Amino acid sequence: MTGSGFEGQIIGFYGAKHPSLFEIERRCMDRDGLVIQYLDRELPEGFVLDVGAGNGFTAIRLCSSSRTVVALEPDRGMVDEAVPLIWARGVAQDIPFHDNTFHAAYATWAFFFDGVSDIDKGLAELNRVVKNDGKIIIVDNAGDDEFSALAGKSTGSDPRWWRNRGFEATVIQTSYRFDSLEEASRLLGFYFGDAVAHRNSRTEIEYKVAVYSTKVRKR
Ligand SMILES: C[S@@+](CC[C@H](N)C(=O)[O-])C[C@H]1O[C@@H](n2cnc3c(N)ncnc32)[C@H](O)[C@@H]1O
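All the letters of the sequence shown, read from the start, carry residue numbers 4 to 222 under the working numbering.
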């Protein structure tokens with residue numbers, strides 16, 4: 004992204020360019036909030052880092068009187084200053100916090116995709132900024148669902164890749180639930196092309212989410 008200060012380090016994302024489509028995605032994907040409920044159960048109290056926080060949709064829902072979530076996001080266009088979070092600018096590969104600052108860190112569909120070349124740099128950074136015994140949780144597509152079938156190819160992450168790095172894998176069964184077929188067509192057309200959007204006749208589409216968790220071990 005030109006002028007961001009993080010050239011060559013950011014994975015391009017459409018959200019800032021097409022905010023109305025991102026609004027549909029965030030509202031309709033996992034409408035029942037099963038992923039957020041899972042994170043809320045698994046994350047500790049204290050200071051938690053959200054890496055690639057986008058507009059803060061997830062981070063703000065995980066804040067409580069006993070948990071402060073810090074939102075790290077490199078793209079100025081994604082940050083929503085109206086969301087009352089502690090915002091920080093930066094990338095997963097070079098996290099702008101001291102060693103052992105956080106009780107946990109997580110990323111939801113951001114940077115930690117198992118094909119990304121400097122992902123191990125990002126994982127090393129998470130291990131550095133999270134305290135000993137703290138949790139790291141990565142959320143991505145699981146694939147093998149109706150959503151992937153529409154894509155015509157696997158959109159899933161590889162659980163073996165994560166297990167080899169000491170993560171445990173869990174799958175959350177959820178869906179995209181749209182308010183109308185027109186809304187479904189807009190987002191699916193953008194993701195997968197007009198032909199897929201025209202073929203689709205459903206407002207609810209099965210979607211499986213993979214959650215990879217591990218504990219930081221420093222000694
Ligand atoms: C698919 S969006 C997900 C946003 C948010 N986590 C959510 O669940 O709504 C991916 C986000 O990752 C950010 N991102 C891209 N490259 C990154 C990097 N190297 N480090 C941290 N975040 C990055 C993008 O700017 C974008 O906001």
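Glycine included, each C-beta is placed from N, C-alpha and C at the ideal position. Note that the coordinates shown come from a computational prediction; the quantities given were computed from them, not determined experimentally.
Separation of residue j from residue i, as counted between CA atoms
i    : j    : result
S23  : R29  : 10 Å
R222 : D136 : 10 Å
G196 : D43  : 35 Å
H101 : L153 : 43 Å
A19  : E26  : 10 Å
E185 : T206 : 9 Å
E209 : D148 : 6 Å
R163 : M81  : 31 Å
F193 : F114 : 21 Å
V119 : G159 : 14 Å
V86  : V72  : 12 Å
D117 : A172 : 13 Å
F181 : A187 : 6 Å
M32  : N130 : 29 Å
F16  : K211 : 21 Å
R168 : A108 : 16 Å
D240 : G59  : In the structure as shown, the chain begins at 4 and stops at 222. Residue 240 is therefore absent and cannot be evaluated.
S216 : D53  : 14 Å
E10  : K134 : 29 Å
P99  : Q12  : 14 Å
K138 : L75  : 17 Å
A213 : A145 : 5 Å
M4   : R202 : Summary for M4: the model assigns pLDDT 47, below 50, so the residue's position carries little reliability; its value from the coordinates is reported in the next sentence. Roughly 34 Å between the two C-alpha positions.
D128 : H21  : It is worth fixing the name first, because residue 128 is Glu in this sequence and not Asp. Taking the straight line joining both Cα atoms gives about 30 Å.
G49  : L37  : 22 Å
F170 : D161 : 11 Å
S68  : L88  : 13 Å
S151 : S204 : 16 Å
Candidates the options, of which the one nearest residue i by Cα
i    : options                   : result
I141 : G159, T111 and I89        : T111
I39  : C66, G55, V219 and H21    : C66
D83  : Y179, I63 and P99         : I63
P77  : E45, F170 and G57         : G57
S183 : E45, H106, F170 and A200  : A200
I14  : H21, G55 and Y41          : G55
V51  : D161, V214, W90 and D35   : W90
Y41  : G146, K218, H106 and T177 : T177
P47  : H106, L88, R202 and D161  : H106
A3   : Y179, D161 and G155       : Summary: the structure shown does not reach residue 3, with the chain confined to residues 4 through 222, and so no result is reported for it.
V219 : L37, R166, S157 and N103  : N103
R79  : W165, R166 and G8         : G8
W165 : I175, R70, S157 and D143  : D143
Open item on the list: Check whether the region 86-100 and the region 119-130 are in contact - that is, three or more C-beta pairs closer than 8 Å.
Closed with: By the C-beta criterion, the region 86-100 is judged to be in contact with the region 119-130, since at least 3 inter-stretch pairs fall below 8 Å.
TODO: Within the region 20-79, note down every full beta strand (DSSP E) run reaching 3 residues or more, in order along the chain.
DONE: With a minimum length of 3 residues, the continuous beta strand (DSSP E) runs that stay inside the region 20-79 are 49-54 and 70-75.
Open item on the list: My parser needs the beta strand (DSSP E) runs of 3 or more residues fully inside the region 142-215; what are they?
Closed with: Within the region 142-215, the runs of beta strand (DSSP E) that reach at least 3 residues and sit entirely inside it are, in chain order, 171-180.
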